[in-house]
Amino acid sequence: MNIVVLVKLVPDLVEELNIDPSGAALDMSWLRLIINEFDDHAIEQAILLKERGGGQVTIVAPEYEGVDEVLFTAAAKGADRLIKLSGDASAGSAQVFVAANNHALARACAAVIKELQPDLVLTGVQANNDLDGPLGPTLAECLGMPYVGYISGVTVSDGKVTARKEYPGGLIAEMEVKLPAVLGIQAAEQPPRYVAVSKVRMVMKTAAIEERAADALDPSGGPAVGRMFQPEAAVHAEMITGSPDEVADKLVSIFKEAGVL
Amino acid sequence: MSQDIFVVIEHLRGQVADISYVMLAAAGELSKGIGGNVIAVLLGNKAEGLAGNFAAVQVLYLDHPALADFTSDAYQKALAGLISEKQPRAVLFGNTSIGADVASGLSIKLGLPLVSSCRSFGADGKFVSQICGGKIMAEGDLPSPTALVTMVPGGYKPEAGQSAQPPALTRLEVAGLDALRVSLAKYIEPEAGDVDIAKEPLLIAVGRGIQQQDNIQLAEDLAQAMGGVVCGSRPVIDQGWLATSRLVGKSGKHVKPKVYLAMGISGAPEHAEAITDSNTIIAINTDPKAPIFDIAKFGTEIDLFDLIDPLIAKVRAAKGG
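In order, the protein sequences belong to chains A and B. Just add 1 to wherever you are in the first sequence, counting from 1, and you've got the numbering used here. Just add 1 to wherever you are in the second sequence, counting from 1, and you've got the numbering used here.
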């Protein structure tokens, strides 16, 4: 079983987000990037499949600031092979992908992933900066593979996967998908495992990141953004300030007024 | 090539999803700006009965045994044929477990542009999408020639997508639904929870800000003092800290309590859409820019770990007094 996990880095939403001077894009200069949390679940699911049924797990990621650590962390968890997609070095390789849309990323990654001849490709079902659809189904069509997303459980047998697809209200559909296929992971069957920094450091000494040069990015199919802005809600919560005791007093009176106390 | 706006209706086991009506309402607004007719596209098998209240000029009904239940492969193939033949100005999908599974593939296959997470359309037909957990909005011209758009709820009321007058229904032949690679094996019913959070009048909800499993007990203590029930957002459920039956959000329950006390919940769109029917939302979050404050009636930036002990004490005192 040859499993490929496609990972991208996204803005850390805990940090302050700003619009750049063009007014049509996020200001990337101070933006902290972290692994897309759903991709973290995709890595976990891949490692779980390997532990259950054997095989090889390859992580593919476009180059971003901080991506090496993400790749080594995956290796420390049990990934066998790490591949980094590098962009046009003259443009500042790590800057190329951070502004790329998913159509461009999918086409660039499909070229690399095709060569790996995977049986199964896992990736996060969505990412917080998707504006042209999620990466997974875009990639699947580039690879000519079927796609099923919103997956929270995967079993492999006899050339097909059985995937648990989530619908609203807690309903699950068990989908059978012919391999090779791409699955968009919502949640791994268990929370992504913790791996100690010391173990990642050790892996860094032995594991190697293979670099592949990406073709020129083709973003066609993604929309052009004319303006980005922070939403100003028509209404904002009435803010309660003061000491913990004062805030607690106020909340108690709100609870009473609302009829729950 | 036409100016028509197609809406791909989402339905599951005989039930039309609310997002379908939201999209019909959005299409109605969009058609006022750019012209064209609102046309509902219904895929199914013996499902024409679902179309009676669509606010659309026409329903194009694609009937085929392979479309009886949603599978990405069959839907995508059926829609690819329809869209390339009719060439509408826009096709709206839900940004959901159904729509998001097929819109991207269609974009690549047909070479058509795709906009995701669209919340509303401007009077001039511009799309407005929400990204970064609802913290950033992106606006742009509706791309040409046929814009594929996935819609999130929140911009339009479902009622605005309903009509008392049944639209005309046209049944279309579907070809090419062979050699399918995805099939539905079975549905698995939601696990019967200890409580149905959709029916509870008081919910104490915890999110990523609760930080660790041990802290869930603090929420349990507060819930017990008040007579409420603890529920959570996706990160908390995925960590296994609360049962799946307690998940509030897009793939969990939609709730409508008298009071929804959100502790350490940012209010990402997937969560927000499931709580907007609550009577009173109260948010406790140290991030002043958390989108939860835009839907909450009351909020505080105080650290929930400083607040919770005095709050429990005062609730107990109020109950005893």
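Here a beta-carbon is modelled for each residue, glycine too, at the ideal position from N, C-alpha and C.
Taking the alpha helix (DSSP H) that residue i belongs to, which residues open and close that run?
{"i": "K290 of chain B", "result": "Neither: K290 of chain B is in no alpha helix (DSSP H) and is coded neither H nor E."}
{"i": "I35 of chain B", "result": "19-35"}
{"i": "Q225 of chain B", "result": "217-227"}
{"i": "G137 of chain A", "result": "136-144"}
{"i": "I198 of chain B", "result": "First-last for I198 of chain B: undefined, no H or E at that position."}
{"i": "E116 of chain A", "result": "103-117"}
{"i": "F39 of chain A", "result": "38-54"}
Return helix, strand or coil for residue i, following the three-state DSSP convention.
{"i": "E140 of chain B", "result": "strand"}
{"i": "M264 of chain B", "result": "strand"}
{"i": "V265 of chain A", "result": "Examination of residue 265 of chain A is not possible in this model, given that chain A is present from 2 through 262 alone."}
{"i": "A80 of chain A", "result": "coil"}
{"i": "M29 of chain A", "result": "coil"}
{"i": "P12 of chain A", "result": "strand"}
{"i": "S199 of chain A", "result": "helix"}
{"i": "M2 of chain B", "result": "coil"}
{"i": "E70 of chain A", "result": "helix"}
{"i": "K315 of chain B", "result": "helix"}
{"i": "K85 of chain A", "result": "strand"}
{"i": "S279 of chain B", "result": "coil"}
{"i": "L18 of chain A", "result": "coil"}
{"i": "I205 of chain B", "result": "strand"}
{"i": "G185 of chain A", "result": "strand"}
{"i": "Y188 of chain B", "result": "strand"}
{"i": "I132 of chain B", "result": "strand"}
{"i": "A244 of chain B", "result": "coil"}
{"i": "L132 of chain A", "result": "coil"}
{"i": "A165 of chain B", "result": "coil"}
{"i": "S105 of chain B", "result": "helix"}
Below 8 Å CB to CB, which residues in the same chain sit around residue i once its five sequence neighbours on both sides are set aside?
{"i": "T72 of chain B", "result": "L181, V183, S184, L185"}
{"i": "Q88 of chain B", "result": "M2, S3, P146, T147"}
{"i": "E211 of chain A", "result": "R82, L83, I84, K85"}
{"i": "V196 of chain A", "result": "T74, A77, K78"}
{"i": "K78 of chain B", "result": "G177, L178, L181"}
{"i": "G82 of chain B", "result": "V175, A176, G177"}
{"i": "M2 of chain A", "result": "L50, K51, G54, G55, G56, Q57, D120, L121, V157"}
{"i": "V113 of chain A", "result": "V61, I84, L86, R213, A215"}
Ordered along the chain, which non-local residues of its own chain (more than five positions away) have a Cβ less than 6 Å from that of residue i?
{"i": "Y157 of chain B", "result": "V23, A26, A27"}
{"i": "V60 of chain B", "result": "A41, L43, A52, P168, L170"}
{"i": "K51 of chain A", "result": "V58"}
{"i": "I285 of chain B", "result": "M264, T301, L305"}
{"i": "L68 of chain B", "result": "L44, G45, N46, A75"}
{"i": "V8 of chain B", "result": "M24, L25, A28, A41, L93"}
{"i": "M146 of chain A", "result": "P181, A182, V183"}
What residue range is occupied by the uninterrupted beta strand (DSSP E) comprising residue i?
{"i": "R120 of chain B", "result": "115-122"}
{"i": "C232 of chain B", "result": "230-233"}
{"i": "Y62 of chain B", "result": "59-64"}
{"i": "G45 of chain B", "result": "39-45"}
{"i": "K254 of chain B", "result": "Counting along the chain, K254 of chain B falls outside any beta strand (DSSP E), and DSSP gives it neither H nor E."}
{"i": "K257 of chain A", "result": "Where K257 of chain A is concerned, there is no enclosing beta strand (DSSP E), although the alpha helix (DSSP H) it sits in stretches over 245-259."}
{"i": "I152 of chain A", "result": "148-158"}
{"i": "G155 of chain B", "result": "That residue, G155 of chain B, is in no beta strand (DSSP E); it is neither H nor E in DSSP."}
{"i": "G125 of chain A", "result": "121-125"}
{"i": "V178 of chain A", "result": "173-179"}
{"i": "E211 of chain A", "result": "210-214"}
{"i": "G300 of chain B", "result": "299-301"}
Less than 7 Å between C-beta atoms, sequence neighbours within five positions excluded: which residues of the same chain meet that for residue i?
{"i": "A139 of chain B", "result": "S130, I132"}
{"i": "S105 of chain B", "result": "L115"}
{"i": "V17 of chain B", "result": "I10, L51"}
{"i": "S279 of chain B", "result": "V256, K257, P258, Y261"}
{"i": "T151 of chain B", "result": "F94, G95, N96, G100, A101, A104, S117, S118, C119"}
Please tell me whether residue i has its Cβ less than 8 Å away from any Cβ of chain E.
{"i": "D250 of chain A", "result": "Absent here is chain E; the protein component of the structure consists of chains A and B."}
(message) Assess contact between the segment 108-116 of chain B and the segment 48-61 of chain B, defined as three or more Cβ pairs (one per stretch) separated by less than 8 Å. Is contact present?
(response) The segment 108-116 of chain B vs the segment 48-61 of chain B: no contact.
(message) So, does the segment 42-60 of chain A touch the segment 100-111 of chain A, judging by three or more C-beta pairs under 8 Å?
(response) The segment 42-60 of chain A is not in contact with the segment 100-111 of chain A.
(request) Could you run through the segment 223-237 of chain B and flag, in chain order, every residue whose CB is less than 9 Å away from some CB of chain A? (result) M227, G228, G229, R235, P236
(request) Check each residue of the segment 127-150 of chain A: if its Cβ is closer than 9 Å to any Cβ of chain B, include it; give the result in chain order. (result) Q127, N129, N130, D131, L132, D133, G134, P135, L136, G137, P138, T139, L140, A141, E142, C143, M146, P147, Y148, V149, G150
(request) Return the residues of the segment 226-246 of chain A that lie within a Cβ-Cβ distance of less than 9 Å from chain B, sorted by chain order. (result) V226, G227, R228, M229, F230, Q231, P232, E233, A234, A235, V236, H237, A238, E239, M240, I241, T242, G243, S244, P245, D246
(message) Three Cβ pairs or more, each shorter than 8 Å: is that satisfied between the segment 221-239 of chain A and the segment 13-32 of chain A?
(response) yes
(request) Pair every Cβ in the segment 141-154 of chain A with every Cβ in the segment 185-204 of chain A, then say whether three or more of these pairs are closer than 8 Å. (result) yes
(request) Check distances from the C-beta atoms of the segment 114-126 of chain B to those of chain A and list, in chain order, the residues that come in under 8 Å. (result) P114, L115, V116, S117, S118
(message) Taking contact to mean 3 or more Cβ pairs, one atom from each stretch, closer than 8 Å, check whether the segment 165-172 of chain A and the segment 108-116 of chain A are in contact.
(response) no
(request) Identify each residue in the segment 137-148 of chain B for which the Cβ-Cβ distance to at least one residue of chain A is less than 9 Å, and report them in chain order. (result) Contact residues of the segment 137-148 of chain B toward chain A are I137, M138, A139, E140, G141, D142, L143, P144, A148 (C-beta to C-beta distance below 9 Å).
(message) Under 8 Å: do the segment 234-247 of chain B and the segment 191-208 of chain B share three or more Cβ pairs, one atom per stretch?
(response) yes
(request) Would you list, in chain order, the members of the segment 199-210 of chain B that have their beta-carbon closer than 8 Å to a beta-carbon of chain A? (result) P202, L203
(message) For the segment 178-193 of chain B, list every residue whose C-beta sits within 9 Å of some C-beta in chain A, in sequence order.
(response) L181, R182, V183, S184, L185, A186, K187, Y188, I189, E190, P191, E192
(request) Check distances from the C-beta atoms of the segment 283-304 of chain B to those of chain A and list, in chain order, the residues that come in under 9 Å. (result) I283, A284, I285, D288, P289, K290, P292, I293, F294, D295, I296, A297, K298, F299, G300, T301, E302, I303, D304
(message) Closer than 7 Å between beta carbons: that is the criterion. Which residues of the segment 165-176 of chain A meet it against chain B?
(response) Result list: K166, E167, Y168, P169, G170, G171, L172, I173, A174, E175, M176.
(request) May I ask you to verify whether the segment 198-208 of chain B touches the segment 228-243 of chain B, counting CB pairs closer than 8 Å and requiring at least 3? (result) yes
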